[in-house]
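Protein chains: 2
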Amino acid sequence: MALPGTEQVLAEGRPLRRDAARHREQLLDAAAKVFATQGLSASVEEIARVAGVGMGTLYRRFPNKEALVDELVRQQLSDFIEAATAAAQLPGGVGLEVFLWRVGELLAARCGCFARLWTGANTERLVEEARLRIHQLLADSQRHGRIRPDAVVSDISLVIWSLMGVISTAQTAAPQAWRRALELLLLALRSSEVPLLELAPTPQEMSEIIQQKA
Amino acid sequence: MALPGTEQVLAEGRPLRRDAARHREQLLDAAAKVFATQGLSASVEEIARVAGVGMGTLYRRFPNKEALVDELVRQQLSDFIEAATAAAQLPGGVGLEVFLWRVGELLAARCGCFARLWTGANTERLVEEARLRIHQLLADSQRHGRIRPDAVVSDISLVIWSLMGVISTAQTAAPQAWRRALELLLLALRSSEVPLLELAPTPQEMSEIIQQKA
DNA sequence: CCATAAGCGGAAACATCACTCCGCTTAGGC
DNA sequence: GCCTAAGCGGAGTGATGTTTCCGCTTATGG
């Protein structure tokens, strides 16, 4: 018999028992909710309680708290990529703008894991793919003259980080605030009469941001 | 004789002994540095170590960890007010813009306490005064035609929250990133050709944000 | 100088979590 | 239906961090 505890990933091999799979989803949902309201320092006991399962169940599905957070982060990054893919289908170069509005909604809906969004484990591939998709969206929108030609991919990161700042401060009391902030930021990204003087983060800096661990 | 422990605030009555006052400053400096690098969850022991004092000293000067954070928050809010006051002297309606550049620098220099900036204890007066000063700066800049007439005070809050988001994500790897973000945001606040459609946070929402406790 | 209250350090007490362990329960193949 | 591996709950354990306590030290007014 294999050592207990080594087979708990559902990735390789046999599927989870039906109830176990359901509990896994309940735990992820509960974690998203609890982290969103109490921050990442919320206790795992609270998460298990909200999910309606015991601690043993939580730790059978996820090796530790960090892995639970990482999974939420991967979900959110996947959502971003999906949104970017859908937006890329739109004509007229509006894809980037539509994408950013969707990103705002996704961030607002799952605002618990901001601190780990760029630095979770095993997210390098996802972040890289997101970057690539954003690059394409940006190029398309610039080709159509909707976004200023001197905007670069890391400017879009700045927009997303800005939204994170607004959402993490204001979300509970002013859930619409990020929309106004995004409207302002898009206005700036469109108007190309005034040249930008400050330097955007370089690719080197961006990769350092992604690699930095908590 | 008074109960021990009731007199430790320096507010009412006798001044602190010279060495005690110095230790208090050392503790605040150490706390700012440690929180900036390790976040608010850094241990009190680490702060005492960096300050070069024992735990007893820390707890004689501050009733608990939270009070230490609150004092740092009050310092930063005071810095904002001071910056606003200085900027208000400038001619030509440039005060608001100068103020925001200064706010960026202040935020970047003391980036440890963002989570508590608006919600620390006993900060209501300071936040209210800051709001008032910003209101005056905004009105002045609008009178001179430098800022779009439909901008409101809570838009400036949005700018500050956005900077906080950029700084807390990128500060270590890309310490200049917030400048580019501010440049974009100011661009949007200046260009008044396109009207803003989304609603800025209302005064009610703003006061809820300030009142929400961790 | 001396007296003394204020201040100090750091060990111990206490609280909070993350994580483990184990006896009991149950889904699901036969 | 029955068997059994997979799953479950939740008390227990250890690590980490905050706060208190107390015997020793020192600034400072007279």
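As they're listed, the protein sequences go chains A and B.
When you line the first sequence up against our numbering, it's residues -4 to 209, in that order.
When you line the second sequence up against our numbering, it's residues -4 to 209, in that order.
Here a beta-carbon is modelled for each residue, glycine too, at the ideal position from N, C-alpha and C.
Computed from a predicted structure; not experimentally measured.
| Check | Outcome |
| --- | --- |
| Contact set between T32 (chain B) and chain A, taken where Cβ atoms lie within less than 7 Å | Chain A residues near T32 (chain B): none, gap ~12 Å exceeds 7 Å. |
| Pick from A:C106, A:A62, A:E77, A:H139 that is closest to G115 (chain A), judged by C-alpha positions | A:A62 |
| Check whether G90 (chain B) and S157 (chain B) have beta carbons under 8 Å apart | no |
| Q21 (chain B) versus W173 (chain B) - alpha carbon distance | 29 Å |
| First and last residue of the uninterrupted alpha helix (DSSP H) at R120 (chain B) | 119 to 138 |
| Min CB distance Q171 (chain B) to chain A below 8 Å | yes |
| Test: L153 (chain B) CB closer than 8 Å to a CB of chain A | yes |
| Unbroken alpha helix (DSSP H) run spanning Q71 (chain B), endpoints | 60 to 82 |
| Contact belief for R143 (chain A) with S186 (chain A) at Cβ below 8 Å, rounded distance in angstroms | 7 Å |
| Inter-residue Cα distance where the pair is E124 (chain A) and I76 (chain A) | 7 Å |
| Cβ neighbour criterion (16 or more within 10 Å) applied to R120 (chain B) | exposed |
| V161 (chain B), buried or exposed, once every other Cβ within 10 Å from all chains shown has been counted against 16 | buried |
| Contacting positions in the segment 196 to 208 of chain A - beta carbon closer than 7 Å to chain B | P196, E200, E203, I204, Q207 |
| Closer than 7 Å: Q131 (chain B) CB and nearest the ligand FAD heavy atom | As for the ligand FAD, it is missing from this structure, which has no ligand bound. |
| Cutoff 6 Å; reference G99 (chain A); Cβ partners in own chain excluding five residues on either side | L158, W173, L177 |
| Range covered by the alpha helix (DSSP H) that runs through V98 (chain A) | 90 to 104 |
| Close-in-space but distant-in-sequence residues of the same chain around E200 (chain B) (CB under 7 Å, 5 per side omitted) | none |
| C-beta contact flag for C106 (chain A) and S163 (chain A) at 8 Å | yes |
| Burial state of D145 (chain B), where buried means 16 or more other Cβ atoms lie within 10 Å | exposed |
| Members of the segment 99 to 131 of chain A near chain B, C-beta cut-off 9 Å | F109, A110, L112, W113 |
| Cβ-Cβ separation, A26 (chain B) to L67 (chain B) (assumed contact under 8 Å), whole Å | 6 Å |
| Contacting positions in the segment 64 to 97 of chain A - beta carbon closer than 8 Å to chain B | none |
| For K60 (chain B) and L181 (chain B), the rounded distance between their alpha carbons | 37 Å |
| Start and end residues, alpha helix (DSSP H) containing Q21 (chain A) | 13 to 33 |
| V189 (chain B), buried or exposed, once every other Cβ within 10 Å from all chains shown has been counted against 16 | exposed |
| Collapsed DSSP secondary structure at R55 (chain B) in the structure displayed | helix |
| Three-state class that DSSP yields for A146 (chain A) in the structure shown | coil |
| Cα-Cα separation, V48 (chain A) to V64 (chain A) | 18 Å |
| Inter-residue Cα distance where the pair is E193 (chain B) and F57 (chain A) | 41 Å |
| Chain-ordered chain A contacts of S36 (chain B) [CB-CB under 9 Å] | S36 |
| Within-8 Å CB hit, E41 (chain A) to chain B | no |
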